[in-house]
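Student:
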Amino acid sequence: MAIPATCTRFTDEYQLYEELGKGAFSVVRRCVKKSSGQEYAAKIINTKKLSARDHQKLEREARICRLLKHPNIVRLHDSISEEGFHYLVFDLVTGGELFEDIVAREYYSEADASHCISQILESVNHIHQHDIVHRDLKPENLLLASKMKGAAVKLADFGLAIEVQGDQQAWFGFAGTPGYLSPEVLRKDPYGKPVDIWACGVILYILLVGYPPFWDEDQHKLYQQIKAGAYDFPSPEWDTVTPEAKNLINQMLTINPAKRITAEQALKHPWVCHRSTVASMMHRQETVECLRKFNARRKLKGAILTTMLVSRNFSGGCALRPPPPTLHMQRERR
Numbered sequence: 118m119a120i121p122a123t124c125t126r127f128t129d130e131y132q133l134y135e136e137l138g139k140g141a142f143s144v145v146r147r148c149v150k151k152s153s154g155q156e157y158a159a160k161i162i163n164t165k166k167l168s169a170r171d172h173q174k175l176e177r178e179a180r181i182c183r184l185l186k187h188p189n190i191v192r193l194h195d196s197i198s199e200e201g202f203h204y205l206v207f208d209l210v211t212g213g214e215l216f217e218d219i220v221a222r223e224y225y226s227e228a229d230a231s232h233c234i235s236q237i238l239e240s241v242n243h244i245h246q247h248d249i250v251h252r253d254l255k256p257e258n259l260l261l262a263s264k265m266k267g268a269a270v271k272l273a274d275f276g277l278a279i280e281v282q283g284d285q286q287a288w289f290g291f292a293g294t295p296g297y298l299s300p301e302v303l304r305k306d307p308y309g310k311p312v313d314i315w316a317c318g319v320i321l322y323i324l325l326v327g328y329p330p331f332w333d334e335d336q337h338k339l340y341q342q343i344k345a346g347a348y349d350f351p352s353p354e355w356d357t358v359t360p361e362a363k364n365l366i367n368q369m370l371t372i373n374p375a376k377r378i379t380a381e382q383a384l385k386h387p388w389v390c391h392r393s394t395v396a397s398m399m400h401r402q403e404t405v406e407c408l409r410k411f412n413a414r415r416k417l418k419g420a421i422l423t424t425m426l427v428s429r430n431f432s433g434g435c436a437l438r439p440p441p442p443t444l445h446m447q448r449e450r451r
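Here the sequence shown stands for residues 118 to 451, numbered as in this note's numbering.
(1) List the endpoints of the continuous alpha helix (DSSP H) containing L215.
(2) Is V358 helix, strand or coil when you go by DSSP?
(3) Nearest-angstrom Cα distance between V358 and E227?
(4) So W288 and P307 are in contact, right, with Cβ under 8 angstroms, and what is the actual spacing, rounded?
(5) Could you tell me how far apart the beta carbons of S235 and L384 are, in whole angstroms, since I believe they sit closer than 8 angstroms?
(6) What separation, rounded to the nearest whole angstrom, lies between the Cα atoms of F142 and F202?
(7) On the criterion of 16 or more Cβ atoms from any shown chain inside 10 Å, does Y134 qualify as buried, or is it exposed?
(8) Specify the secondary structure class of K139 as computed by DSSP and reduced to three states.
(9) Applying the 10 Å Cβ sphere with the 16-neighbour rule, what's the burial state of P295?
(10) Assign D195 to one of three DSSP states: helix, strand, or coil.
(11) In the DSSP assignment, find the alpha helix (DSSP H) that holds Y322 and state where it starts and stops.
(12) Once you ignore the five residues that flank I314 on each side, which residues in its own chain have a CB closer than 6 angstroms to its CB?
(13) Could you please give the first and the last residue of the uninterrupted alpha helix (DSSP H) stretch that includes V241?
(14) If the criterion is Cβ atoms closer than 9 angstroms, does the pair A278 and I162 meet it?
(15) Taking the C-alpha atoms as reference points, what is the distance between L167 and E178?
(16) Using only alpha-carbon positions, find the residue among R192, V145, K186, Y204 that is nearest to D129.
(17) Would you list the residues sitting across from H251 in a DSSP beta bridge?
(18) Any chance the segment 267 to 281 sits against the segment 334 to 344, with 3 or more Cβ pairs inside 8 angstroms?
(19) Tell me the rounded alpha-carbon separation between G318 and K264.
(20) Name the residue from T371, Y297, R126 whose alpha carbon lies nearest to the alpha carbon of K150.
(21) Taking just the CA atoms, how far does F411 sit from I197?
(22) Could you round the C-beta distance between A347 and W388 to whole angstroms and report it? I think they count as a contact, below 8 angstroms.
(23) Measuring straight from C-alpha to C-alpha, what distance separates Y340 and F331?
(24) Considering only the alpha carbon of each residue, which of P351, N258, S397 lies closest to Y225?
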């Protein structure tokens with residue numbers, strides 16, 4: 118299926134400005150629609166360099182993005198195909214990464230973490246309702262609409278997203294980022310929408326204490342931890358986290374995908390929908406400091422933390438986090 122695209126030349130409708138980012142076969146630049154003066158981000162793909170398979174992936178990404186219209190998702194506004202290039206015109210999001218914003222705040226509480234994860238869950242629930250699985254939920258893909266206080270969290274980058282049939286479980290290939298992969302993907306079992314919820318559980322854990330639930334310099338050991346569901350809530354940092362928050366994490370990080378909470382169910386969890394009375398309002402300075410170190414290591418190890426594609430084996434890079442302040446025993450959760 119070809120990408121639905123207008124035949125207009127891109128430069129007839131848009132004025133290009135500075136570069137915002139770059140990939141192997143694409144560059145993202147700020148652009149302005151001439152007729153309205155509205156700013157957007159244009160992802161410009163050099164289609165001359167794409168293989169037939171990459172063309173299919175591009176078609177899939179555009180097709181998926183056209184389906185999704187939600188305030189917590191970076192929206193595709195236009196798709197223009199020309200000889201040698203394809204232009205995808207998205208929302209211009211200027212607030213940077215959510216995790217970077219958190220460490221710049223003067224005040225950050227468990228209730229703030231609840232507000233963040235609720236917006237992420239809203240985006241995941243929307244894509245799941247449209248039978249889309251993101252497959253690469255991670256901090257780098259959680260952006261803020263603007264630098265204004267209270268700006269919306271937006272889910273970005275549907276390059277690895279797939280279309281599924283309802284609650285279909287199948288082997289769609291090995292894809293994702295090491296520390297956020299679910300047990301079923303690592304076991305090469307059939308998988309589906311629950312993989313996104315597992316990643317949400319990892320993200321929520323980080324939002325609360327500033328480091329991930331699973332970590333090891335050795336990738337094989339990291340994957341063993343994930344497959345066993347071997348994580349814990351060590352003292353002292355978890356002592357001040359409410360039982361309701363831990364309960365939601367446990368339901369997200371359930372090894373059996375059939376028993377894992379859904380996005381719709383998670384949005385109805387008391388810690389999410391009644392955060393003003395359930396979630397703690399205490400400032401979490403230790404979390405902010407740990408998250409700042411986590412962000413720094415994440416950026417430093419960016420080359421290692423490259424997204425793993427289907428064709429790669431299990432011997433790629435490893436996910437890193439600052440070690441927790443105390444050593445602790447990890448227990449299995451089924």
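Backbone N, C-alpha and C define an ideal beta-carbon position, used for all residues, glycine too.
Tutor: On the basis of the data shown:
(1) 215 to 221
(2) coil
(3) 7 angstroms
(4) 6 angstroms
(5) 7 angstroms
(6) 10 angstroms
(7) exposed
(8) strand
(9) buried
(10) strand
(11) 311 to 326
(12) M369, R377
(13) 227 to 246
(14) no
(15) 14 angstroms
(16) Y204
(17) Partner(s): none; H251 has no beta bridge.
(18) no
(19) 26 angstroms
(20) R126
(21) 38 angstroms
(22) That belief does not hold up - the Cβ atoms of A347 and W388 are roughly 23 angstroms apart, past 8 angstroms.
(23) 9 angstroms
(24) S397
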